[in-house]
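Read the structure below first, then the notes.
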């Protein structure tokens, strides 16, 4: 059995200091050996985020910044970074998270490392409002999750685009009867309107919300039921 190691993939678009804050925390896990490396994928940013990250972490060879010039969406960014992954597992992580604990991430990595029966582990967004929990957004569309690299590569054979990625991953896990679990994770995201121009924020909000009105969301709301991870509850 190949050695279990983790690469963190972080797609970003004009995140600036928000991504710096995320990386400062995740770098603790790199230094401790829990994460093999972090790959930040620039999804066509128009600001100086890539230069900022390269400058701030110039002495940290395990944090890489890659990307392309034209904005292509989250799925394209993850797929781009996935081609550079050499570890058995990947940790998918948002670039704008705040108020999260590295201890929780460490517990998740340890759980997967110590139990080869776990195919996927989703970070359930415990800070989400009640309506999100009723609709199960806190699990179904959570961007924070650990997957086997081979499984994620198979997911991309279905050509997910933009904000479809989590839905396509869930569908793959369902179809292939993968042993999927969730764990509580406390964090906050910045509102899109607080990060970008009104035009960009509206465009990306519409793109995301449109996925929630498709039949696949209803199917997953009914059928996609990961189990709670007992060792962390």
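Numbering (my numbering), first residue to last: 267 to 499.
Positions of the beta carbon are idealized from the N, C-alpha and C atoms, including for glycine.
Just curious, the beta strand (DSSP E) that residue i is in, first and last residue?
{"i": "residue 273", "result": "272-278"}
{"i": "residue 296", "result": "Careful: residue 296 lies outside any beta strand (DSSP E), inside the alpha helix (DSSP H) at 283-297."}
{"i": "residue 418", "result": "Looking at the DSSP string, residue 418 is not in any beta strand (DSSP E); the run it does join, the alpha helix (DSSP H), is 415-421."}
{"i": "residue 329", "result": "329-334"}
{"i": "residue 389", "result": "386-391"}
{"i": "residue 495", "result": "Counting along the chain, residue 495 falls outside any beta strand (DSSP E), and DSSP gives it neither H nor E."}
Given that a residue counts as buried once 16 or more other Cβ atoms are within 10 Å of its Cβ, and exposed if not, what is residue i?
{"i": "residue 334", "result": "exposed"}
{"i": "residue 425", "result": "exposed"}
{"i": "residue 386", "result": "buried"}
{"i": "residue 492", "result": "buried"}
{"i": "residue 396", "result": "exposed"}
{"i": "residue 391", "result": "buried"}
{"i": "residue 484", "result": "exposed"}
{"i": "residue 327", "result": "exposed"}
Which one of the options has the shortest CA to CA distance from residue i?
{"i": "residue 355", "options": "288, 332, 269", "result": "269"}
{"i": "residue 277", "options": "343, 423, 393, 441", "result": "343"}
{"i": "residue 557", "options": "383, 455, 407, 283", "result": "The requested residue 557 does not occur in the structure, where the chain is confined to residues 267 to 499."}
{"i": "residue 486", "options": "286, 409, 403", "result": "403"}
{"i": "residue 433", "options": "394, 489, 273, 384", "result": "489"}
{"i": "residue 308", "options": "275, 399, 453", "result": "275"}
{"i": "residue 370", "options": "279, 286, 292", "result": "292"}
{"i": "residue 337", "options": "284, 414, 346", "result": "346"}
{"i": "residue 452", "options": "421, 388, 328, 327", "result": "388"}
{"i": "residue 427", "options": "295, 339, 325", "result": "339"}
{"i": "residue 366", "options": "273, 271, 482, 454", "result": "454"}
{"i": "residue 441", "options": "400, 417, 384, 430", "result": "417"}
Rounded to whole angstroms, how far is the Cβ of residue i from the Cβ of residue j, which I believe are closer than 8 Å?
{"i": "residue 358", "j": "residue 299", "result": "Contact doesn't hold; Cβ gap of about 20 Å is too wide."}
{"i": "residue 348", "j": "residue 419", "result": "6 Å"}
{"i": "residue 304", "j": "residue 289", "result": "7 Å"}
{"i": "residue 374", "j": "residue 449", "result": "6 Å"}
Considering residue i, what are the terminal residues of the alpha helix (DSSP H) in which it resides?
{"i": "residue 442", "result": "First-last for residue 442: undefined, no H or E at that position."}
{"i": "residue 399", "result": "396-400"}
{"i": "residue 373", "result": "368-380"}
{"i": "residue 404", "result": "403-406"}
{"i": "residue 316", "result": "315-322"}
Under the three-state reduction of DSSP, which class applies to residue i: helix, strand or coil?
{"i": "residue 452", "result": "coil"}
{"i": "residue 269", "result": "coil"}
{"i": "residue 345", "result": "helix"}
{"i": "residue 485", "result": "helix"}
{"i": "residue 436", "result": "helix"}
{"i": "residue 300", "result": "coil"}
{"i": "residue 383", "result": "coil"}
{"i": "residue 364", "result": "strand"}
{"i": "residue 350", "result": "coil"}
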